[in-house]
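Residue numbers (the numbering used here): 1 to 203.
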């Protein structure tokens, strides 16, 4: 009986150690998710739409244009259409359909506090005669910001879940166990034991 109890406690202790190791693994994963921009393969697994939009930006910077039907256009078009829809709430999101993006040249933008480089971006929408204008570099910043926000959130969640998963089994291991009292004998056995004790005392 005691050997069986020791075996059960040993198996339980091994399970707790495995859970703690799994928690450490989650924390490590959280670290690498936060640094995923340095690992393109990992970035592609975690956020394929972001990787596709980033490749689309690089294509426009190199080839000067990108249109519907070409690789990676859909991911970038979804970001641009959502941005246009947020600035035009009176227009239905389904009515905003991007057909082509085209870089129109670079320059400098001067503001009250600082100046910055810009690369003109012409956005041709379906059913609209006049294209809209934007800045290609600003669009690239929007994509990077969305990734930074998302990856930071994932990294924090994974890290703290990993910490809790690591410490929880250790806390259970240190938690004092309740002492198990031996079961009381049945009433008949108790009477026999009492009578036997009385005879012994009389002798």
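Backbone N, C-alpha and C define an ideal beta-carbon position, used for all residues, glycine too.
Source: prediction; values computed, not measured.
From the options, residue whose alpha carbon lies closest to that of residue i
i	options	result
residue 205	167, 158, 126 and 55	This structure cannot speak to residue 205, because the chain is shown only from 1 to 203.
residue 68	165, 159, 164 and 123	123
residue 60	119, 83 and 81	119
residue 62	47, 79 and 105	105
Beta-carbon proximity of residue i to residue j, cut-off 8 Å
i	j	result
residue 103	residue 64	yes
residue 53	residue 143	yes
residue 101	residue 132	no
residue 49	residue 43	no
residue 166	residue 24	yes
residue 57	residue 45	no
Buried versus exposed, by CB contacts within 10 Å (16 or more), residue i
i	result
residue 147	buried
residue 18	exposed
residue 113	Residue confidence is low: residue 113 scores 47 on pLDDT, short of 50, so the model does not pin down where it sits. Its coordinate-derived value is still stated next. Its Cβ having fewer than 16 others within 10 Å, residue 113 is exposed.
residue 73	buried
residue 134	buried
residue 158	buried
residue 21	exposed
residue 152	exposed
residue 80	buried
residue 164	exposed
Bounding residues of the alpha helix (DSSP H) (the contiguous stretch that carries residue i)
i	result
residue 129	Unbroken run through residue 129: none, as it is neither H nor E.
residue 83	73-87
Residue span of the beta strand (DSSP E) that contains residue i, given as start and end
i	result
residue 65	65-67
Original post:
Are at least three pairs of beta-carbons, each pair with one atom in the segment 133-151 and one in the segment 85-97, less than 8 Å apart?
Top reply: Taking a contact to require three or more Cβ pairs closer than 8 Å, the segment 133-151 and the segment 85-97 do not qualify as touching.
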